[in-house]
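Below is one structure, written out as structure tokens; comments come after it.
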Amino acid sequence: MKQLLILSGKGGTGKTTLSGAFIHLSQARACADCDVDAPNLHLINRKTKAPETSDFYGLPKAKIDQDKCKPCGICMENCRFNAITFRNNRYEVDPLACEGCSLCIELCPHRAIEPIPSVSGELMLYADPESIFSTAQLKTGSGNSGKLVTEVKKRMKEGAPKNTPLAIIDGSPGIGCPVIASLSGVDAVLFVAEPSLSGISDLERVVKTARTFQLSCAVCINKYDLNLERTREIEAFCSRMEIPCVGRIPFDATVNRAINQGLCVSQMPGPAQAAIETIYQNITRLIESAP
Amino acid sequence: MRIAVLSGKGGTGKTLVSVSLAAAAARALYVDCDVEEPNGHLFFRPKKVESNPVDVLIPRFNLNLCNGCRVCVNFCKFNALAYINDQPFLFPEICHSCGGCAKLCPQKAIQDVPRNIGSIKRGASGSVTILSGIMNTGVASGVPIIQRLLQIVKEEEGLVVLDCPPGSACTVMESIRDADYCLLVAEPTLFGMHNLECVCNLVKEFRKPFGVVLNKCTEEENPSETFCRRNNYPILASIPFDYEVGRLNSDGEIAARRLPTFEKLFRELLDTITSEVKRLCA
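The following block contains the structure:
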């Protein structure tokens with residue numbers, strides 16, 4: 001099974017729109033949404049059956065037993081995350097700031113601190129004999145998004161039907177831990193770029209991040225006609241970096257209309273739909289020819 | 292007054308709104324907390340830029356002192372340490388800089404040393420001071436850079452506009468901790484609405500006052516607007532979809548400095564927020 005990841009650096013360039021269309025066009029039997037912080041793929045890749053859900057646990061967080069605590073302050077002194085506060089002669093852990101390193105637990109001379117299991121997200125799996133769709137939602141304000149992404153991908157891979165040729169993975173914006181976790185183990189990345197100064201800057205940063213993984217890369221430009229000059233700049237960047245530019249998608253109001261009806265763009269005829277089909281054909285050819 | 296601009300979903304117009312809000316004020320400090328993909332500086336093109344590195348502490352081993360006890364490896368909850376070929380080994384990108392391994396090493400064989408993860412740039416553009424956090428590519432977490440930015444702005448008395456990263460994870464949480472008001476930017480799609488809901492939950496968890504700006508509005512249905520009305524969330528402004536604004540924005544021009552209607556819209560938005568914050572303080 002080859003895995004195609006859709007990334008963009010900048011948010012809102014059309015990753016999910018494209019992922020949804022590719023899933024529809026390839027009749028993908030395996031797909032995943034790795035944007036665990038703001039997942040949306042399930043809104044257009046709708047399944048009739050409710051998903052199996054399970055809690056995702058991050059590292060346990062520290063909790064101070066006030067009966068055992070003899071307020072010495074060693075925990076607060078050594079916490080690098082400023083997660084321990086001292087108020088009304090009590091030391092307390094702010095669970096939102098605690099990263100679960102457990103140093104305070106090790107150092108407390110009175111053994112007054114305990115690790116408490118902590119749910120940091122919810123995993124969702126839509127599975128039937130023909131297909132699998134793995135997604136998750138990070139709990140608001142949580143860390144651990146990289147670990148959750150790894151788990152989402154693992155569940156997709158394990159549950160994929162035999163002889164699934166291609167898996168489609170929707171990525172997250174940015175270049176940090178969820179993106180790095182999304183990149184590991186995939187075969188190809190398609191970057192969705194937007195013709196703006198911000199879009200170009202963000203594309204350059206995410207390409208630089210992805211390059212260290214040595215996988216096949218391609219770029220497509222969404223809403224290209226909103227700024228032709230910037231579109232040409234992106235194409236020039238691609239040729240400098242020797243990354244194939246596999247297509248341009250015009251701005252098309254049909255796209256939002258499709259999303260708002262819970263449909264993929266590929267289900268609604270229009271200029272964007274036609275362009276996305278060409279991009280899909282180009283990218284599959286690229287993946288097939290990759291080692 | 293500290294206004295945090297956030298959105299849940301990426302690409303809804305956080306930077307457009309933050310930059311315009313700061314530009315419409317008489318004086319402002321604009322802070323780019325989207326350290327993974329900072330874009331504010333592309334609009335302001337600040338002058339006299341000063342850059343300061345941001346480092347985190349990571350362990351360095353003194354192999355002459357290490358006796359291979361592996362207390363450090365067993366302690367590290369992030370699995371950033373391993374014992375390979377008879378010596379301790381660090382995966383620096385996974386290290387959370389908790390300092391535990393150095394503290395607990397019985398042989399005192401571990402020392403904390405700085406690792407550069409990015410920088411903070413300060414510059415000026417007209418009446419706006421620009422502070423941008425920029426994370427190096429390949430680094431996993433920009434949270435320490437955001438924390439450093441917030442430390443710097445803590446002392447600031449005037450108007451501070453915080454341009455937050457997308458999503459509702461730890462990086463966003465850090466950015467809104469000290470905010471007096473949260474401004475949520477939403478686009479008219481089901482995606483926009485779904486992510487707006489996540490970010491509403493976050494600001495409510497922090498008990499922050501908030502209002503919504505609807506961006507890229509057209510004649511067609513607006514799920515984000517419906518969502519706000521249903522929940523009685525205040526809509527402070529609606530920005531229509533406009534090719535001219537899109538064009539200016541894509542070329543890194545500040546719409547509020549170029550279009551009088553836009554300047555007025557953002558001045559009024561700022562007034563609305565200011566009086567709301569004053570009312571809440573009273």
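As given, the protein sequences belong to chains A and B, one line each in that order. Following our numbering, the numbering of the first sequence begins with 1 at its first residue and continues without gaps. Following our numbering, the numbering of the second sequence begins with 292 at its first residue and continues without gaps. Backbone N, C-alpha and C define an ideal beta-carbon position, used for all residues, glycine too.
Check	Outcome
With a floor of 3 residues, list each beta strand (DSSP E) that falls wholly inside the stretch 146 to 179 of chain A, ordered by position along the chain.	166 to 170
What residues from the stretch 302 to 325 of chain B come within 7 Å of chain A, judged by C-beta to C-beta, listed N to C?	G302, T303 and T306
Using a Cβ cut-off of 8 Å (strictly closer), state whether A:N222 contacts chain B.	no
For B:G543 versus B:P525, is the C-beta distance shorter than 8 Å?	no
Compare the beta carbon distance of A:A290 and A:A188 with 8 Å and say whether it is the shorter of the two.	yes
Near B:E554, what residues of its chain come up, given a Cβ to Cβ distance below 6 Å and the 5 sequence neighbours on each side ignored?	A315 and A547
Between which two residues does the alpha helix (DSSP H) harbouring B:T480 extend?	B:T480 -> no alpha helix (DSSP H), and no H or E assigned at all.
Tell me which same chain residues have a C-beta within less than 7 Å of the C-beta of B:V280, skipping the five on either side of it?	Limits of chain B in this structure are 292 at one end and 573 at the other, which puts residue 280 of chain B out of reach.
Alpha carbon to alpha carbon, how far is A:G146 from B:A573?	42 Å
Do B:G331 and A:G176 have their beta-carbon atoms positioned less than 8 Å apart in this structure?	no
Distance, Cα to Cα, A:N256 vs B:T480?	6 Å
Along chain A, in chain order, which residues have C-beta atoms closer than 7 Å to that of B:S432?	G176 and C177
Ignore the nearest five residues each way along the sequence and tell me which others in A:L107's own chain have a CB closer than 8 Å to its CB.	I74, C75 and N78
Under a Cβ-count criterion, where at least 16 other Cβ atoms within 10 Å of its own Cβ denotes burial, should A:A236 be classed as buried or exposed?	exposed
Between A:D65 and chain B, is the shortest Cβ-Cβ distance under 8 Å, so that the two count as touching?	no
From A:T48 to B:E496, what does the alpha carbon distance come to, in whole angstroms?	32 Å
Please give the ranges of any beta strand (DSSP E) in the stretch 446 to 475 of chain B, keeping only runs that are unbroken, at least 3 residues long and fully inside the region.	451 to 454
Taking Cβ positions, are A:C69 and A:P109 nearer each other than 8 Å?	no
Going by the beta-carbon positions, is the gap between A:G171 and A:D37 smaller than 8 Å?	no
Exposed or buried, what is B:T509 when buried is set at 16 or more other beta-carbons lying within 10 Å of its beta-carbon?	exposed
Starting from B:P531, follow the beta strand (DSSP E) in both directions and report where the run begins and ends.	I526 to P531
Report the residue ranges of all beta strand (DSSP E) runs contained in full by the stretch 359 to 436 of chain B; include only those spanning at least 3 residues, in chain order.	372 to 375, 378 to 381, 401 to 416 and 419 to 426
Leaving out five residues on either side along the sequence, give the residues of the same chain with a beta carbon under 7 Å from the beta carbon of B:V364.	L372, A373, Y374 and P379
Which residues, taken in chain order from the stretch 88 to 120 of chain A, show a beta carbon closer than 8 Å to some beta carbon of chain B?	L96, E99, G100, C101, S102, L103, E106 and L107
Using a cut-off of 7 Å between C-beta atoms, extract the partners of A:P195 located in chain B.	S541
With distances taken from CA atoms, which of B:F382, B:M484, B:N407 and B:P329 is nearest B:E516?	B:M484
Distance check for B:D377 and B:G359, CA to CA, integer angstroms please.	7 Å
Can you name the residues that DSSP bridges to A:L125?	A:E52 and A:S134
To the nearest whole angstrom, what separates the beta carbons of A:D225 and A:K10, a pair I think is in contact under 8 Å?	The pair is not a contact, with the Cβ atoms about 18 Å apart (cut-off 8 Å).
Which class does B:D542 belong to by DSSP, given the choice of helix, strand or coil?	coil
Excluding the 5 residues preceding and the 5 following B:L575 in the sequence, name in chain order all residues of the same chain whose CB lies nearer than 7 Å to its CB.	Residue 575 of chain B lies beyond the residue range present for chain B, which begins at 292 and ends at 573; the question has no answer from this structure.
Pick helix, strand or coil for A:D94, following the three-state DSSP scheme.	coil
Quick one: which residues of the stretch 139 to 159 of chain A get their C-beta closer than 7 Å to a C-beta of chain C? List them in chain order.	Of the protein chains in the structure, A and B, none is chain C.
Ignore the nearest five residues each way along the sequence and tell me which others in B:I467's own chain have a CB closer than 8 Å to its CB.	A295, L297, L453, C455, C473, L493, V494, F497 and K499
To which residues of the same chain is B:I545 closer than 6 Å at the C-beta, ignoring the five residues directly before and after it?	V310, A314 and F334
Would you call the CB atoms of A:I243 and A:A193 closer than 8 Å?	no
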